[in-house]
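Asks: Chains as they are written, first to last, in UniProt numbering: chain A, 1 to 474; chain B, 1 to 228.
Using N, Cα and C, we set each Cβ at its ideal position, and we do this for glycine too.
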Ligand code: SF4
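#1: Am I right that residue 187 of chain B and residue 217 of chain A are in contact with their C-beta atoms under 8 Å? What's the rounded C-beta distance?
#2: Under three-state DSSP, which class holds residue 436 of chain A?
#3: With C-beta atoms as the reference, is residue 214 of chain A less than 8 Å away from residue 32 of chain B?
#4: Please list, in chain order, all residues of the same chain as residue 153 of chain A whose beta carbon is under 7 Å from its beta carbon, the five residues on each side excluded.
#5: To the nearest angstrom, report how far apart residue 118 of chain A and residue 133 of chain A are at their CA atoms.
#6: Write down the C-beta distance between residue 224 of chain A and residue 136 of chain B rounded to the nearest angstrom, noting that I regard them as a contact closer than 8 Å.
#7: With respect to 7 Å, is the separation between the Cβ of residue 319 of chain A and the closest non-hydrogen atom of ligand 2 below this value?
#8: Between the stretch 365-377 of chain A and the stretch 170-185 of chain A, do at least 3 Cβ pairs fall closer than 8 Å?
#9: Would you check whether ligand 1 has a heavy atom nearer than 7 Å to the C-beta of residue 343 of chain A?
#10: Does the beta carbon of residue 75 of chain B come closer than 8 Å to any beta carbon on chain A?
#11: I need the DSSP call for residue 125 of chain A, collapsed to helix, strand or coil.
#12: Would you check if the distance between the CB atom of residue 97 of chain B and the CB atom of residue 128 of chain B is smaller than 8 Å?
#13: Using a threshold of 8 Å, state whether the C-beta atoms of residue 261 of chain A and residue 254 of chain A are closer than that.
#14: Strictly under 8 Å for the Cβ-Cβ distance: is residue 177 of chain B near chain A by that measure?
#15: Runs of 4 residues minimum, wholly inside the stretch 233-284 of chain A: which ones carry the alpha helix (DSSP H) assignment?
#16: Distance cutoff 8 Å, beta carbons only. Does residue 172 of chain B sit that close to anything in chain A?
#17: For residue 164 of chain B and residue 174 of chain B, what's the separation of their Cα atoms in angstroms?
#18: Give the C-beta separation of residue 291 of chain A and residue 245 of chain A to the nearest angstrom, bearing in mind that I take them to be a contact with Cβ-Cβ under 8 Å.
#19: With distances taken from CA atoms, which of B/130, B/125, B/122 and B/81 is nearest residue 109 of chain B?
#20: In chain B, which residues lie with their C-beta within 9 Å of the C-beta of residue 181 of chain A?
#21: Determine the extent of the beta strand (DSSP E) in which residue 132 of chain B is found, giving its start and end residues.
#22: Ligand 1 and residue 378 of chain A: does any heavy atom of the ligand fall closer than 7 Å to the residue's C-beta?
#23: Within 10 angstroms of its Cβ, does residue 434 of chain A collect 16 or more other Cβ (buried), or is it exposed?
#24: If contacts are defined as beta-carbon pairs under 8 Å, then residue 206 of chain A and residue 272 of chain A qualify, I think. What distance do you get, rounded to the angstrom?
#25: What residues match up with residue 140 of chain B in a beta bridge as DSSP calls it?
#26: Could you compute how far the alpha carbon of residue 355 of chain A sits from the alpha carbon of residue 152 of chain B?
#27: Would you tell me roughly how many angstroms separate the C-alpha atoms of residue 159 of chain B and residue 224 of chain B, rounded to the nearest one?
#28: What are the boundary residues of the beta strand (DSSP E) that residue 220 of chain B is part of?
#29: Give the interface partners of residue 6 of chain B over in chain A, defined as CB-CB distance under 7 Å, in chain order.
#30: Is any beta-carbon of chain B found at less than 8 Å from that of residue 274 of chain A?
#31: With a threshold of 8 Å between beta carbons, is residue 318 of chain A in contact with chain B?
#32: Please determine if the stretch 1-15 of chain B and the stretch 294-301 of chain A are in contact, where contact requires at least 3 C-beta pairs separated by less than 8 Å.
#33: Going by beta-carbon coordinates alone, are residue 124 of chain B and residue 167 of chain B separated by less than 8 Å?
#34: Find the nearest neighbour of residue 13 of chain A within the set A/352, A/365, A/326 and A/282, judged by alpha-carbon distance.
#35: Which same chain residues end up closer than 7 Å to residue 40 of chain A when comparing Cβ atoms and leaving out the 5 residues on each side of it in sequence?
#36: Which residues in the same chain as residue 238 of chain A place their Cβ atom closer than 7 Å to its Cβ, once the five residues preceding and following it in sequence are excluded?
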């Protein structure tokens with residue numbers, strides 16, 4: 001997809017003055033994070049599972065080639081096909097070829113971030129094949145010709161009234177001429193239109209949350225059931241996945257499944273978790289006759305062995321953005337490429353280049369919430385800091401910001417001084433914030449605080465609180 | 001260089017090694033074949049009877065409905081009662097599975113039973129489960145010529161029959177059962193884990209039931225005797 005991250009500052013400014021965006025994204029706080037905290041609290045093993053998940057992902061990455069080959073062998077054994085693609089361009093061509101072989105006119109699509117990255121829909125459309133997004137959120141933004149603003153809730157930025165208008169404009173041709181406003185009725189209308197699409201599609205394209213080496217299965221996780229209708233009704237099923245999604249065994253997938261939905265929406269399990277293995281079997285009376293797995297690298301392998309390898313552990317759960325004060329303030333589109341929020345700020349510079357996205361690693365208050373909730377404990381603030389340093393070193397950053405970071409670096413390299421400074425400024429900031437606990441303006445940092453409120457610290461630093469708790473034996 | 005080679009050589013180059021061979025490869029193969037469980041929540045370390053109760057409570061919390069019946073012979077009437085209570089169609093598409101062959105539908109002449117894969121006009125499906133997972137109130141469904149998976153998704157109302165003895169504690173228990181039935185390293189074409197009826201929160205984060213899959217999920221648990 002086209003990168004607009006260069007506009008970050010302008011986009012952020014616009015987003016902060018857009019009341020629809022403000023109302024949509026400020027609502028996030030009271031939803032996903034609350035549900036996550038509840039379900040994590042109800043599972044005593046939750047924190048241990050996170051440690052184990054982090055370690056297992058590291059093990060997989062260290063042995064990625066082995067598990068990918070094992071996976072490939074199993075897919076072939078089950079009668080499926082595997083296509084390896086270094087680049088987006090190659091992956092687009094492979095998918096197009098499969099669709100052409102199937103004489104496809106329409107393809108239904110389950111939600112998939114990798115096909116967003118690849119800009120697959122545009123490519124298929126340009127070649128006369130109609131892609132139809134079936135996840136309700138994806139369907140809505142496809143009608144609006146927009147991109148996802150959240151990785152698991154792609155139409156988060158759309159208001160109900162906007163959906164009403166979109167449906168009214170686009171559903172007349174199916175005989176739905178009334179303007180409807182009730183959310184249930186809106187869902188029903190989309191449901192009945194998409195029903196025919198599932199049944200008549202020639203190819204179904206899904207992503208994959210996991211690839212199972214042991215069995216050669218691709219796994220999707222949804223709440224709507226759209227992914228299952230997409231992959232079970234058409235004659236051909238294409239699962240597109242990036243290479244780091246492979247896991248060794250079914251038991252290993254279980255570990256990640258226990259974390260994924262809890263971290264994302266606070267559910268213990270998403271409604272539908274489906275393992276697809278090969279094409280339909282000889283005697284089967286439904287299921288796809290052809291099963292293709294398209295494996296895309298496009299930059300992943302370059303992260304291996306780098307100081308940003310940890311990014312490859314990402315489960316795409318969305319918890320980091322759900323808990324991010326910056327994301328809640330500026331919304332998803334401001335980040336300017338597929339991944340918004342902290343994961344976007346940390347990953348996009350690698351995927352689209354630091355030059356394009358140099359503002360993103362600054363889109364952080366370094367409050368650390370993202371790392372606190374990341375199910376696989378990706379050190380997102382640290383990676384953002386690496387990017388900032390890299391931008392600074394390679395002179396990608398303009399002067400005033402360089403000056404600010406220079407000071408910060410001076411203190412950061414001197415832990416004692418740094419602690420003293422943060423202690424003093426934590427108190428000062430608390431005083432400035434007053435009762436509301438939010439700071440509207442910061443001296444010398446207008447560029448920063450003119451577009452966001454700076455959440456005031458509690459008045460003591462983390463290190464102080466930590467020491468105090470240690471003393472009190474907490 | 002073909003892409004496959006390019007990707008593998010890049011992975012190995014960046015990991016600073018060649019292809020894994022000998023002992024290193026053996027260890028990974030053994031890890032897969034051993035498929036040891038990771039941390040498994042203790043929640044389900046309870047007697048089987050309580051696991052069944054937990055399964056029911058969890059499923060209900062997910063907005064599924066559950067009825068307990070004492071034998072397969074009661075399925076037709078329980079199904080009829082459910083359909084009547086919700087004012088639903090009485091035409092049923094049922095899995096062509098042996099386990100359902102002997103259901104006494106002569107007791108419920110108003111029910112019209114057809115068997116096969118799902119068609120767009122089907123409003124109610126009746127399918128057997130492969131297993132139930134108490135931990136989360138989840139059904140495990142395995143596809144086969146007799147249990148086509150489209151029946152789990154296309155009709156608006158999905159009724160599932162499961163024996164109490166098929167309900168176990170965890171996801172891992174389902175994997176063991178599947179391996180026993182299909183052989184290690186093999187799965188049926190489609191394994192669906194189903195936790196409640198379909199839903200979406202894609203319009204202003206408001207929860208709406210019945211997005212694309214079934215609006216209603218009704219589970220009939222057949223109490224087939226003590227398991228402990
Ligand atoms: S970085 Fe962590 S929290 Fe963010 S989407 Fe990935 S796994 Fe989830």
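Replies: Checking against the coordinates, here is how it stands:
#1: Their Cβ separation, rounded to whole angstroms, is 6 Å, which keeps residue 187 of chain B and residue 217 of chain A in contact under 8 Å.
#2: Low confidence applies here, because residue 436 of chain A scores a pLDDT of 47, under 50, leaving its location unreliable; read the following figure in that light. Reduced to three states, the DSSP call for residue 436 of chain A is helix.
#3: A distance below 8 Å separates the beta carbons of residue 214 of chain A and residue 32 of chain B.
#4: By the criterion of a C-beta distance shorter than 7 Å, residue 153 of chain A is surrounded in its chain by 137, once the five residues flanking it on both sides are discounted.
#5: When rounded, the distance between both Cα atoms is 15 Å.
#6: Taking C-beta atoms under 8 Å as the contact rule, residue 224 of chain A and residue 136 of chain B fail to qualify, at a distance of about 18 Å.
#7: What this structure holds is ligand 1, not ligand 2.
#8: The answer is no - the stretch 170-185 of chain A does not touch the stretch 365-377 of chain A, with fewer than three Cβ pairs under 8 Å.
#9: Because some heavy atom of ligand 1 lies under 7 Å away, the Cβ of residue 343 of chain A counts as near it: yes.
#10: Not closer than 8 Å to any Cβ of chain A, the Cβ of residue 75 of chain B fails to qualify, so no.
#11: The answer is helix: DSSP assigns residue 125 of chain A an H, G or I state.
#12: Yes.
#13: At least 8 Å separates the beta-carbon of residue 261 of chain A from that of residue 254 of chain A.
#14: Look at residue 177 of chain B: its C-beta is not under 8 Å from any C-beta on chain A.
#15: Complete alpha helix (DSSP H) runs here, min 4: 250-264.
#16: Yes, residue 172 of chain B lies at the interface with chain A (some Cβ there is under 8 Å from its Cβ).
#17: The C-alpha of residue 164 of chain B lies about 14 Å from the C-alpha of residue 174 of chain B.
#18: For residue 291 of chain A against residue 245 of chain A, the beta-carbon gap comes to about 16 Å, at or over 8 Å, which does not count as contact.
#19: The residue with the shortest Cα to Cα distance from residue 109 of chain B is B/81.
#20: The premise fails here: residue 181 of chain A is roughly 11 Å from chain B at the closest Cβ pair, so nothing lies under 9 Å.
#21: Run containing residue 132 of chain B: 131-133, per the beta strand (DSSP E) assignment.
#22: The answer is yes for residue 378 of chain A.
#23: Since pLDDT at residue 434 of chain A reaches only 48, below the 50 mark, its modelled position is unreliable, and no value is offered.
#24: Taking the Cβ atoms as the reference, residue 206 of chain A lies roughly 12 Å from residue 272 of chain A, outside the contact range of under 8 Å.
#25: Partner(s): B/131 and B/193.
#26: Distance between residue 355 of chain A and residue 152 of chain B, taken at the CA atoms: about 48 Å.
#27: Taking the straight line from one Cα to the other gives about 18 Å.
#28: For residue 220 of chain B, the uninterrupted beta strand (DSSP E) segment begins and ends at 216-222.
#29: Those are 86, listed as they occur along chain A.
#30: Chain B, which has a Cβ nearer than 8 Å to the Cβ of residue 274 of chain A, makes this yes.
#31: Not one chain B Cβ lies under 8 Å of residue 318 of chain A.
#32: The answer is yes - the stretch 294-301 of chain A touches the stretch 1-15 of chain B, with three or more Cβ pairs under 8 Å.
#33: Contact flag unset, no.
#34: Ranked by how close their Cα comes to the Cα of residue 13 of chain A, the residues A/352, A/365, A/326 and A/282 have A/326 in first place.
#35: So the qualifying residues of the chain are 46 and 262.
#36: Same-chain partners within the cutoff: 95, 98, 203, 205, 292 and 294.
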